[in-house]
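Visitor: Got a structure here, written out as structure tokens. Questions coming.
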Amino acid sequence: MSEKYADLHVHTYYSDSTFSPEEVVKTAKEAGLKAIAICDHDCVDGIAPSIESSKSYDLEIIPGVELTVEKENNEIHLLGYFIDWQAGWFRKRLKVIQKDRQERVYKMVELLKTKGIEIEPEEVLRISGRGSVGRLHVAMAMLKAKEIRNLQEAFDKYIGLQKPCYVTHIKFSPKEAIEMVLEAGGIPALAHPKVMGKDEFIPQYIKYGLKGIEVYHTDHTLSDENRYLKIAKENNLIVVGGSDCHGLGKGRVLIGKVKMPYSAVENLRKESIKIKNAKIS
Ligand code: AMP
Ligand code: FE
Ligand code: FE
Ligand code: ZN
């Protein structure tokens, strides 16, 4: 039997992918995947429609989320796998974050105005359409208004971290995010640690309850993979990996370009059962 694979980091248009859940599922199936984890930024609204679509494709959907947290002006992304995504308290908390994301768009648009860039916040919200609005949507609005030549230019000049029009997210610490995922019975895993570039924070996250690390990611080189694999082994962290596919939002469709043997899904499932059982007893 041929080996089965899973892409454990995929977005839908409920955050900043251009793909609907149906398109995500179809593309994943065409890429030969057995399972995908839906990990939208601060949003779980894409999970139910993905599960619905997957029924006609024999594809397993792992419910996930990618939480945005900030620490000392660094942006950190925390993945949560096998979360109880239907829990009312969990969804309510995400709605608060989503509302703040909308307000953040208005602030970024104001800052862009001071740099001579004219876009309407309503247009950004319209491009986003639903769920979590974010900087990729701001960049898309800028491109549409011909204020930039490509999406990357928006980040490099204006809305990238520490650029003049960047606005921080709602105050949410790594500890709170890790605890939120655990409380929802999920596995907290550090997303694309290379992109954060702050390996020295990892021991602290492990103390808070971090259980996994995204060793394999589109933006990781072989040497990054080796470094994070070592950290995972030394600290008994579950190794995860995925493409971070944003549909056409990042130029090309990445789904399945980074994938894990299906055993990674089994590891996550086992650990999530342990976490859920520990909560009951
Ligand atoms: P937000 O959640 O609104 O902070 O936006 C995060 C999104 O912007 C993610 O999809 C990132 O991949 C993307 N992003 C953040 N920084 C950059 C950058 N420097 N270049 C390209 N994309 C970026
Ligand atoms: Fe994104
Ligand atoms: Fe991310
Ligand atoms: Zn992502």
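Numbering (my numbering), first residue to last: 1 to 281.
Note that CB positions come from ideal geometry on N, CA and C, so glycine has one too.
For a test of your reading of the model: does the CB of E70 fall under 7 Å from any non-hydrogen atom of ligand 3? Yes or no.
Guide: no
Visitor: According to the Cβ coordinates, are G46 and Y14 closer than 8 Å?
Guide: yes
Visitor: Kindly list the residues whose CB is nearer than 8 Å to the CB of V109, restricted to its own chain and excluding five residues on each side of it in sequence; keep chain order.
Guide: Around V109: I119, E120, P121, V124 and V138.
Visitor: Count the C-beta pairs between the region 100 to 115 and the region 204 to 219 that are closer than 8 Å, then say yes if the count reaches three, no if not.
Guide: no
Visitor: Less than 8 Å between the CB atoms is what I'm expecting for P21 and S56, so what's the real figure, rounded?
Guide: Not quite, the Cβ-Cβ distance comes to about 12 Å (not below 8 Å), so this is no contact.
Visitor: Who are the near neighbours of K276 in its chain, counting only those whose CB is closer than 6 Å to its CB and skipping five residues on each side?
Guide: Within the same chain, K276 has close Cβ partners G185.
Visitor: Which residue spans inside the region 47 to 129 form an unbroken beta strand (DSSP E) run of at least 3?
Guide: 60 to 71 and 74 to 81
Visitor: For my contact list, D7 and S243 are in at a C-beta cut-off of 8 Å; report their separation, rounded to the angstrom.
Guide: 5 Å
Visitor: By Cβ distance below 6 Å, which residues in the same chain neighbour S17 in space, the five residues on each side in sequence not counted?
Guide: H11, H246, G247 and G249
Visitor: On the DSSP bridge assignment, give the partners of Y216 in chain order.
Guide: DSSP output for Y216 lists G241 as bridge partner(s).
Visitor: Any residue with its C-beta under 5 Å from a non-hydrogen atom of ligand 3 counts. Can you list them all in chain order?
Guide: H77 and A191
Visitor: Excluding the 5 residues flanking E3 on each side, which residues of the same chain have their C-beta closer than 7 Å to its C-beta?
Guide: Here the set comprises P261.
Visitor: Roughly how many angstroms lie between the CA atoms of L161 and S281, to the nearest whole one?
Guide: 43 Å
Visitor: Out of E103, E23, V65 and I36, point me to the one whose CA is closest to I178's CA.
Guide: Among E103, E23, V65 and I36, the Cα nearest to that of I178 is on V65.
Visitor: Give me the DSSP bridge partner(s) of D7.
Guide: According to DSSP, D7 bridges with I36.
Visitor: Ignore the nearest five residues each way along the sequence and tell me which others in A145's own chain have a CB closer than 6 Å to its CB.
Guide: Cβ within range, chain order: I119.
Visitor: Using a Cβ-based criterion (distance less than 7 Å to any ligand heavy atom), does D16 qualify as near ligand 1?
Guide: yes
Visitor: Run through the DSSP bridge pairs and tell me what H41 is partnered with.
Guide: E66
Visitor: May I have a chain-ordered list of the beta strand (DSSP E) segments no shorter than 3 residues that lie completely inside the region 159 to 208?
Guide: 187 to 190
Visitor: Over the uninterrupted alpha helix (DSSP H) stretch that includes A145, give me the two end residues.
Guide: Looking at the DSSP string, A145 is not in any alpha helix (DSSP H), and its letter there is neither H nor E.
Visitor: Mind checking which residues open and close the alpha helix (DSSP H) that includes T27?
Guide: P21 to E30
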